[in-house]
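**Student:** Take a look at this one; I'll ask things after.
Residue numbers (the working numbering), protein chains in the order written: chain A, 1 to 213; chain B, 214 to 407.
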């Protein structure tokens with residue numbers, strides 16, 4: 001996604017603009033700001049996945065189907081749920097399955113569960129102590145912040161409120177170098193609390209036009 | 214993210230004294246230590262997804278065999294109770310000194326299947342083979358290699374590396390604060406961290 005607006009907003013919050021009379025020229029390069037934004041994006045999306053805040057991650061949900069076993073998709077970011085089936089009635093329709101990661105899947109391999117096992121970079125669909133067909137629901141990798149190239153033309157896939165929280169976190173991280181202060185982390189903490197606590201009203205709320213310089 | 218990219222971002226976040234004081238090799242060593250510490254931390258917290266890329270399984274045919282890789286943590290050891298049966302019994306870990314008491318007789322202590330890990334050897338007391346599932350100890354082939362943990366853990370790794378670097382330096386109270394910047398839970402519940 002195009003990061004131009006977000007880079008500009010971070011520079012405004014950090015008072016890092018060329019015309020600033022106190023600081024001549026940019027303190028942070030575009031690459032520095034993009035790196036901070038992308039790291040914050042991954043961290044916050046993973047936090048939302050752990051909190052199961054899927055109402056905020058609707059643009060990132062995806063599914064993949066396979067038989068017996070398959071590699072994880074290249075855009076896999078975090079697991080959600082799984083379903084399995086066989087070709088023999090009455091198991092020939094998808095049933096909800098338990099989802100096991102790595103070692104826990106190993107100890108439950110022959111336990112007879114309807115199960116989807118994720119081990120390393122592979123997915124296995126187990127039913128009735130054998131392999132079956134399956135479907136894995138997962139969260140995709142969010143599109144990266146970029147200023148040029150193909151990544152810059154990808155659409156945004158998260159609500160504006162999530163990107164505002166990402167921006168607040170990236171600002172707090174960068175600010176620690178130039179001016180150690182609690183203000184940016186306090187702003188980020190409040191924004192994050194709002195994001196995970198007020199699901200009913202925050203989705204249509206667009207903060208972009210309301211940001212003050 | 215490769216280690217050299219992480220070194221670049223670490224250098225971006227180091228304050229002025231750190232930028233001139235730490236060389237790339239020192240930052241690289243701090244990143245290595247950070248990867249190991251974070252991998253252990255994720256395992257102990259029960260979070261398997263960040264260390265998913267470190268997972269591997271090996272089959273051993275006898276009662277004792279070395280593992281191909283150095284393990285970070287051995288998650289499970291499944292054994293075949295009889296030479297002709299399938300590998301479907303869970304073996305429990307016992308300390309090496311306890312396992313050695315009855316190893317010669319191959320009599321399971323209290324009737325359960327058990328395994329131990331001595332040096333780089335896996336030993337168990339079942340008749341058949343075993344399948345061992347474990348997380349590989351992170352390796353660091355070069356600065357251009359990718360950090361083996363999941364992408365969303367890279368921020369926390371850089372954060373830990375910076376706090377490691379600053380602990381090596383003097384006048385810590387003059388440095389920027391690191392250690393927890395990418396721990397969202399901590400920031401929300403404990404307030405701000407300076």
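No residue lacks a Cβ here, since even glycine has one placed at the ideal position from N, Cα and C.
1. So which residues on chain B does residue 101 (chain A) lean against when the C-beta distance must stay under 8 Å?
2. Leaving out five residues on either side along the sequence, give the residues of the same chain with a beta carbon under 7 Å from the beta carbon of residue 281 (chain B).
3. What residues from chain A crowd round residue 337 (chain B), counting only those whose CB sits closer than 8 Å?
4. Within 10 angstroms of its Cβ, does residue 14 (chain A) collect 16 or more other Cβ (buried), or is it exposed?
5. Where do the ends of the alpha helix (DSSP H) carrying residue 49 (chain A) lie?
6. Under three-state DSSP, which class holds residue 352 (chain B)?
7. Grouping DSSP H, G and I as helix and E and B as strand, with all else coil, what is residue 132 (chain A)?
8. Quick one, which of B:294, B:350, B:254 has its alpha-carbon nearest residue 324 (chain B)'s?
9. Rounded C-beta distance between residue 3 (chain A) and residue 34 (chain A)? I'm assuming under 8 Å.
10. Considering only residues of the same chain and omitting the five flanking positions on each side of residue 95 (chain A), which have a CB-CB separation below 7 Å?
11. Taking only beta-carbon positions, decide if residue 406 (chain B) is within less than 9 Å of chain A.
12. Taking beta-carbon pairs under 7 Å, can you tell me which members of the region 293 to 318 of chain B lie near chain A?
13. Measuring only the C-alpha atoms, how far is residue 276 (chain B) from residue 332 (chain B)?
14. What residues match up with residue 345 (chain B) in a beta bridge as DSSP calls it?
15. Starting from residue 154 (chain A), follow its DSSP beta bridges and name the residues at the other end.
16. Note down, in chain order, all residues in the region 349 to 368 of chain B with a beta-carbon under 7 Å from any beta-carbon belonging to chain A.
17. Could you please give me the residues that DSSP links to residue 123 (chain A) through a beta bridge?
18. Looking only at its chain, what residues have a beta carbon closer than 7 Å to the beta carbon of residue 59 (chain A), apart from the 5 residues adjacent to it on each side?
19. Residue 117 (chain A): buried (16+ other C-beta within 10 angstroms of its C-beta) or exposed?
20. Could you tell me which residues DSSP pairs with residue 65 (chain A) in its beta bridges?
21. Determine the direct distance from the alpha carbon of residue 313 (chain B) to that of residue 139 (chain A), and round the result to whole angstroms.
22. Does residue 216 (chain B) pass the burial test, meaning 16 or more other C-beta atoms within 10 Å, or should it be called exposed?
23. Looking at C-beta atoms only, is the number of pairs between the region 98 to 109 of chain A and the region 284 to 291 of chain B that lie closer than 8 Å three or more?
24. Would you mind sorting residue 46 (chain A) into buried or exposed? The rule is 16 or more other CB atoms within 10 Å of its CB.
25. Are residue 307 (chain B) and residue 300 (chain B) touching if we call contact CB-CB under 9 Å?
26. Residue 98 (chain A) lies in the beta strand (DSSP E); which residues open and close that run?
27. Beta strand (DSSP E) containing residue 222 (chain B): first to last residue?
28. Can you grab the Cα-Cα spacing for the pair residue 278 (chain B) / residue 334 (chain B), in whole Å?
29. Which residue's Cα is closest to the Cα of residue 305 (chain B): B:254, B:311, B:328?
30. Around the C-beta of residue 51 (chain A), are 16 or more other C-beta atoms found within 10 angstroms, so that it is buried, or is it exposed?
31. Is there at least one Cβ from chain A nearer than 9 Å to residue 218 (chain B)'s Cβ?
**Tutor:** Taking the structure as given:
1. As a position in the first chain, residue 101 (chain A) is number 101, starting the count at 1. Going along chain B in sequence order, the residues near residue 101 (chain A) (Cβ under 8 Å) are 261, 262, 265.
2. Position 68 of the second chain holds residue 281 (chain B). Once the five neighbours on either side are set aside, the close Cβ partners of residue 281 (chain B) are 271.
3. Residue 337 (chain B) sits at position 124 when you count from the first residue of the second chain. The contacting residues do not exist; residue 337 (chain B) stays about 15 Å from chain A at best.
4. Start at 1 with the first residue of the first chain, and residue 14 (chain A) comes out as number 14. The residue in question, residue 14 (chain A), is buried, as its Cβ has 16 or more Cβ neighbours within 10 Å.
5. Position 49 of the first chain, counting from 1, holds the residue named residue 49 (chain A). Here the alpha helix (DSSP H) through residue 49 (chain A) covers 30 to 50.
6. One-based indexing of the second chain puts residue 352 (chain B) at position 139. It is coil, neither helix nor strand.
7. One-based indexing of the first chain puts residue 132 (chain A) at position 132. Coil.
8. As a working note, residue 324 (chain B) is residue 111 in the second chain. Of the listed residues, the one whose Cα sits closest to residue 324 (chain B) is B:294.
9. Indexing the first chain from 1 puts residue 3 (chain A) at position 3. Indexing the first chain from 1 puts residue 34 (chain A) at position 34. About 6 Å separates the two Cβ atoms, so the contact holds.
10. Residue numbering aside, residue 95 (chain A) sits at position 95 when the first chain is read from its first letter. Answer for residue 95 (chain A): 83, 84, 85, 114, listed in chain order.
11. If you number the second chain from 1, residue 406 (chain B) lands on position 193. Residue placement at residue 406 (chain B) is flagged as unreliable, the pLDDT there being 42, under the threshold of 50; a coordinate-derived value is accordingly withheld.
12. In summary, the residues of the region 293 to 318 of chain B whose CB is separated from some CB of chain A by less than 7 Å are 301, 303, in the order they occur in the chain.
13. For the purposes of this step, residue 276 (chain B) is taken as residue 63 along the second chain, with counting starting at 1. For the purposes of this step, residue 332 (chain B) is taken as residue 119 along the second chain, with counting starting at 1. Looking at the two C-alpha atoms, the distance is approximately 15 Å.
14. Here residue 345 (chain B) refers to the residue found at position 132 of the second chain. B:271, B:290, per the DSSP bridge assignment.
15. As a working note, residue 154 (chain A) is residue 154 in the first chain. None; residue 154 (chain A) has no bridge partner.
16. 364, 365, 367, 368
17. Numbered from 1 along the first chain, position 123 holds the residue referred to as residue 123 (chain A). Paired residues: A:70, A:118.
18. Residue mapping note: residue 59 (chain A) aligns to position 59 of the first chain, counting from 1. Contacts found: 157, 158.
19. The residue you call residue 117 (chain A) lines up with position 117 of the first chain. Residue 117 (chain A) is buried by the Cβ-count criterion.
20. Counting from 1 along the first chain, the entry for residue 65 (chain A) is found at position 65. Bridge partners of residue 65 (chain A): A:135.
21. As a first step, residue 139 (chain A) is located in the first chain; it is residue number 139 there, counting from the start. As a first step, residue 313 (chain B) is located in the second chain; it is residue number 100 there, counting from the start. C-alpha separation (whole angstroms): 47 Å.
22. As a first step, residue 216 (chain B) must be located in the second chain, where it is residue number 3. Buried.
23. With the cut-off at 8 Å, the region 98 to 109 of chain A and the region 284 to 291 of chain B touch.
24. For this step, residue 46 (chain A) is matched to residue 46 along the first chain. Under this definition residue 46 (chain A) is a buried residue.
25. Locating residue 307 (chain B) in the second chain gives position 94, counting from the first residue. Locating residue 300 (chain B) in the second chain gives position 87, counting from the first residue. Not a contact, by the Cβ cut-off of 9 Å.
26. Translated into the one-based positions of the first chain, residue 98 (chain A) becomes position 98. Note, residue 98 (chain A): beta strand (DSSP E), 95 to 101.
27. Here residue 222 (chain B) is taken as the residue at index 9 of the second chain, counted from 1. That residue, residue 222 (chain B), is in no beta strand (DSSP E); its alpha helix (DSSP H) goes 216 to 226.
28. The residue labelled residue 278 (chain B) in the question sits at position 65 within the second chain. The residue labelled residue 334 (chain B) in the question sits at position 121 within the second chain. Annotation: residue 278 (chain B) to residue 334 (chain B) spans about 5 Å, alpha carbon to alpha carbon.
29. Numbered from 1 along the second chain, position 92 holds the residue referred to as residue 305 (chain B). Nearest of B:254, B:311, B:328 to residue 305 (chain B), Cα basis: B:328.
30. Position 51 of the first chain holds residue 51 (chain A). Around the beta carbon of residue 51 (chain A), a 10 Å sphere encloses fewer than 16 other beta carbons of the protein chains shown; the residue is thus reported as exposed.
31. Counting from one through the second chain, the residue named residue 218 (chain B) turns up at place 5. Chain A, which has a Cβ nearer than 9 Å to the Cβ of residue 218 (chain B), makes this yes.
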